[in-house]
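Just so you know, we're using this note's numbering here: the sequence shown kicks off at 272 and counts up by one.
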Amino acid sequence: MATPNAVVIANPHAGGGRARTIAIKAQSALISAGINVTLHFPDSREQLQIISAQSCAEQPDVVLACGGDGTFHDILQSAIASNTTIGIIPCGTGNDIARSLGLTRTISDSFFHEMANSIHNQYCEIIDASKITCDGEQVWSLGVISAGFDSAVNERANRMSHFRGTLRYILALLAELREFKLHHYTVNMDGVQHSNCALLIAVGNGGNYGGGMRICPQADMKDGLLDITWVDPAPRRTVLRIFPQIFSGRHINHPLVHTYRAAEISIESPDSMIYADGERIGSPPVLIQVVPRAVRILVNS
272 MATPNAVVIA
282 NPHAGGGRAR
292 TIAIKAQSAL
302 ISAGINVTLH
312 FPDSREQLQI
322 ISAQSCAEQP
332 DVVLACGGDG
342 TFHDILQSAI
352 ASNTTIGIIP
362 CGTGNDIARS
372 LGLTRTISDS
382 FFHEMANSIH
392 NQYCEIIDAS
402 KITCDGEQVW
412 SLGVISAGFD
422 SAVNERANRM
432 SHFRGTLRYI
442 LALLAELREF
452 KLHHYTVNMD
462 GVQHSNCALL
472 IAVGNGGNYG
482 GGMRICPQAD
492 MKDGLLDITW
502 VDPAPRRTVL
512 RIFPQIFSGR
522 HINHPLVHTY
532 RAAEISIESP
542 DSMIYADGER
552 IGSPPVLIQV
562 VPRAVRILVN
572 S
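Right, here's the structure in full:
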């Protein structure tokens, strides 16, 4: 049997710098397990994207994203284009992609032992992805695409680099509640149009964002559909009552929260912004389409 080839692309700044140490440990553990490993530490997002494209074009057995959801998101673009298997070494702020996939998020010796076993035995799942067309560009996403209040929270959270994990998103949410202005949305879901003001609209292939918030709790990455969570305008005190329920997914039972499923969604709204997997994508109009069986993911053995 040929020796597997793995590429580790690590964001050295992820996890407060922890990703660099973890990536070096991953390289050592996988080499010891009989896997050829190439390790990259891009010094910018642009370089990460270039290295991802070059690495995937060489068709290794797997490309491993060592970092957070943003690192995975950038590598995903090249992995789908080249039909390359992608794996996750989760050491970012939220790690919501790994959470949505049900992957192990605790880094330990056993984590790398399982990963090596998965690489040797090609343990993969083929799952759906969201194809986003926005501002004349096409972007792929595995997680949650958001518009409205949650996008504004995400934007603020990205500026709060001195906080980590879920706390960062909670603090950003509390700050944004004081300033956020509602937007009007026209949303088409498989030909059915909804037009109204909304607090937020979230479209999920995966169900989690913000470090464990289950905004689309019934999302299934293999069902060929996207889950939509629409939250009507609400007073601040009501938002604060609903918010804790997002961590369990019970918020969808509130009368101001509506859920839908569709394969194709378009969103139009002035003065709004679109985020996907925690990364800013652009401004509406945006078209979101599910592509079944679009990507191969390395899974736990």
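We treat Cβ as the ideally placed atom computed from N, Cα and C, and that holds for glycine.
None of the values given here were measured: they were computed from a predicted structure.
Item, Value
"Using alpha carbons as the reference points, say which of Tyr546, Pro555, Gln330 lies closest to Ser537.", "Pro555"
"Considering only C-alpha positions, which residue in the set Ala300, Leu413, Ala469, Ala336 is nearest to Pro313?", "Ala336"
"Of the choices Asn467, Gly339, Pro275, whose alpha-carbon is the least far from that of Thr309?", "Pro275"
"Could you tell me the alpha carbon to alpha carbon distance between Ile368 and Ala277, rounded to whole angstroms?", "20 Å"
"Under three-state DSSP, which class holds Ser412?", "strand"
"Does the Cβ of Cys362 have 16 or more other Cβ atoms within 10 Å, making it buried, or fewer, making it exposed?", "buried"
"With burial defined as no fewer than 16 other Cβ atoms inside 10 Å of the residue's Cβ, what is the status of Asp380: buried or exposed?", "exposed"
"Taking Ala294 as the reference, give the member of His311, Gln393, Ile306 with the closest Cα.", "His311"
"At the level of alpha carbons, what is the spacing between Asn425 and Tyr440?", "7 Å"
"Note the first and the last residue of the continuous alpha helix (DSSP H) segment covering His384.", "380–392"
"Grab the span of the beta strand (DSSP E) containing Val557 for me, first residue to last.", "557–569"
"Is it buried or exposed for Leu511, if we count other Cβ within 10 angstroms and need 16 for buried?", "exposed"
"Express the C-alpha separation of Phe383 and Val333 in angstroms, rounding to a whole number.", "14 Å"
"How about Gly341 and Ala290: are their beta carbons less than 7 Å apart?", "no"
"By the 10 Å Cβ neighbour count, where 16 or more other Cβ atoms means buried, how is Cys468 classified, buried or exposed?", "exposed"
"Helix, strand or coil: how does DSSP classify Gly475 here?", "strand"
"Under a three-way DSSP split, which group does Pro504 fall into?", "coil"
"Roughly how far, in whole angstroms, is the beta-carbon of Ile486 from the beta-carbon of Tyr531, given that I think they are within contact range, below 8 Å?", "Not really, about 13 Å apart at Cβ, beyond 8 Å."
"Just checking, does the stretch 352–362 make contact with the stretch 560–572 on the three C-beta pairs under 8 Å criterion?", "yes"
"Determine, using beta-carbon pairs with one atom in the stretch 397–409 and one in the stretch 319–331, whether at least three such pairs fall under 8 Å.", "no"
"Please state the DSSP three-state secondary structure of Gln320.", "helix"
"Is Asn388 close to chain B? Criterion is C-beta to C-beta, closer than 7 Å.", "Protein chains in the displayed structure number just one, and chain B is not present."
"So, using beta-carbon positions, are Ile416 and Ile559 closer together than 7 Å?", "yes"
"Mapping DSSP to helix, strand and coil, what is Ser299?", "helix"
"Is Thr356 helix, strand or coil when you go by DSSP?", "coil"
"Which residue comes first and which comes last in the beta strand (DSSP E) that contains Glu329?", "Element bounds for Glu329: n/a, residue is neither H nor E."
"For Gly338, which beta-bridge partners are listed by DSSP?", "Pro361"
"Please state whether DSSP places Leu497 in a helix, a strand or coil.", "strand"
"Assuming contact is defined by CB atoms lying nearer than 7 Å, are Asn578 and Thr377 in contact in what I supplied?", "With the chain covering only 272 through 572, there is no way to say anything about residue 578."
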